[in-house]
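Chains as they are written, first to last, in my numbering: chain A, 2 to 161; chain B, 2 to 161.
For reference, the structure is listed below as structure tokens.
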DNA sequence: TATTGTTATACTCTATAACTATA
DNA sequence: TATAGTTATAGAGTATAACAATA
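What follows is the structure in structure tokens.
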């Protein structure tokens with residue numbers, strides 16, 4: 002791991018742990034609140050796994066998508082990530098500056114770039130994938146095996 | 002509802018819907034990704050319910066907490082919301098400027114404010130609570146009744 | 001005309017650090 | 001000394017709008 006950490010400032014996952022003596026009202030019965038709490042907990046787990054590489058969840062998603070869909074355009078990447086074109090551009094810049102991805106011009110359409118992971122990008126993804134998976138598994142260990150598959154299924158059903 | 006909408010710009014929940022023809026790799030099997038997708042979907046539902054009032058999920062949480070814990074301090078509110086003191090301050094300012102909450106000095110400790118909802122704040126909370134609950138229920142209708150209680154239980158177990 | 005990538009700009013959220021008043 | 005609130009500042013993320021090149 003590199004000892005030079007990126008972005009020591011800026012938004013990191015907050016704690017959102019229970020504060021003793023506080024009455025949370027009916028918050029616990031809301032799906033929105035329960036999802037928010039669980040997602041923040043999972044963010045924490047992710048950051049522990051990817052600390053030092055500067056890889057956030059959206060960036061990790063971009064690496065996975067580029068690996069599985071070589072030659073994808075920036076606009077499509079933005080659609081997958083749910084961001085505007087300009088955001089996909091900044092993300093692509095970030096990856097390219099670090100030599101993780103590259104833009105290649107495409108003969109069939111002069112307007113678009115095809116995006117590809119570099120060898121370095123593929124290597125980082127392979128390393129991260131292992132650690133993220135381990136961390137995801139460790140995080141999920143709070144549940145019984147049957148509960149885990151049940152939760153994934155329910156979440157995907159809920160997300161539509 | 003007021004026709005004057007707040008913050009027409011700025012971050013709103015993005016879509017993050019499946020893009021046809023894209024290979025998502027093993028993203029679906031990650032808890033982090035499934036949680037993120039489900040949470041964004043629930044954000045969308047929340048924003049539909051609270052559109053126009055400028056109430057975000059953290060602000061709604063603050064209203065609920067202030068209602069259930071009258072006289073709470075800003076620092077404690079920040080702990081509940083998982084934000085720094087300065088963030089709790091800005092949130093309190095926002096609520097106070099709109100006449101939803103007020104700061105009262107406390108005789109026992111000159112350093113702190115006691116925070117309270119105003120009559121207007123209580124009224125807004127009552128209205129929002131109904132609509133948020135309805136929307137939460139509509140959102141959850143994608144699941145069978147037994148699945149809903151199961152999901153809430155699993156999420157809370159996961160969040161710790 | 002419509003779309004892609006780009007650039008410029010603005011806004012929200014939230015963190016850190018230093019300051020003041022009080023404990 | 002420690003803590004609450006405050007203020008100032010900075011940074012990340014992301015949106016909108018306008019522009020040039022290409023379809």
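We treat Cβ as the ideally placed atom computed from N, Cα and C, and that holds for glycine.
In summary, residue 58 of chain A is buried, with 16 or more beta-carbon neighbours lying within 10 Å of its beta-carbon over all protein chains present.
Rounded to whole angstroms, the gap between the alpha carbons of residue 72 of chain A and residue 64 of chain A is 13 Å. Taking the Cα of residue 141 of chain A as reference, the smallest distance to any Cα among B:157, B:147 and B:126 is reached at B:157. Under the 9 Å criterion on CB atoms, residue 117 of chain B is classed as non-interfacial with respect to chain A. Counted as a single uninterrupted DSSP element, the beta strand (DSSP E) harbouring residue 118 of chain A occupies residues 114 to 118. Under the DSSP assignment, residue 154 of chain A falls in the alpha helix (DSSP H) whose first and last residues are 146 to 160. Among the residues of chain B, those whose CB is under 9 Å from the CB of residue 66 of chain A are 23, 24, 25, 26 and 28, following chain order.
The three-state secondary structure of residue 128 of chain B, taken from DSSP, is helix. At a cut-off of 9 Å between beta-carbon atoms, residue 41 of chain B makes contact with chain A. DSSP places residue 86 of chain A inside the alpha helix (DSSP H), whose first and last residues are 86 to 98. Annotation: the continuous alpha helix (DSSP H) that includes residue 51 of chain B extends over 32 to 51. When rounded, the separation of the alpha-carbon atoms in residue 22 of chain A and residue 95 of chain B is 25 Å. Residue 20 of chain A places its beta carbon less than 9 Å from that of residue 80 of chain B. In summary, residue 100 of chain B is exposed, with fewer than 16 beta-carbon neighbours lying within 10 Å of its beta-carbon over all protein chains present. Looking from the CA of residue 102 of chain A, the closest CA among A:110, A:109, A:112 and A:116 belongs to A:116.
Contact between the segment 84 to 94 of chain B and the segment 34 to 54 of chain B is not established, with fewer than three Cβ pairs separated by less than 8 Å. Proximity to residue 149 of chain A across B:146, B:159 and B:39 peaks at B:159, based on C-alpha coordinates. Our two residues, residue 147 of chain A and residue 54 of chain B, have alpha carbons roughly 41 Å apart in a direct line.
Annotation for residue 60 of chain A: the continuous alpha helix (DSSP H) segment containing it runs 58 to 69.
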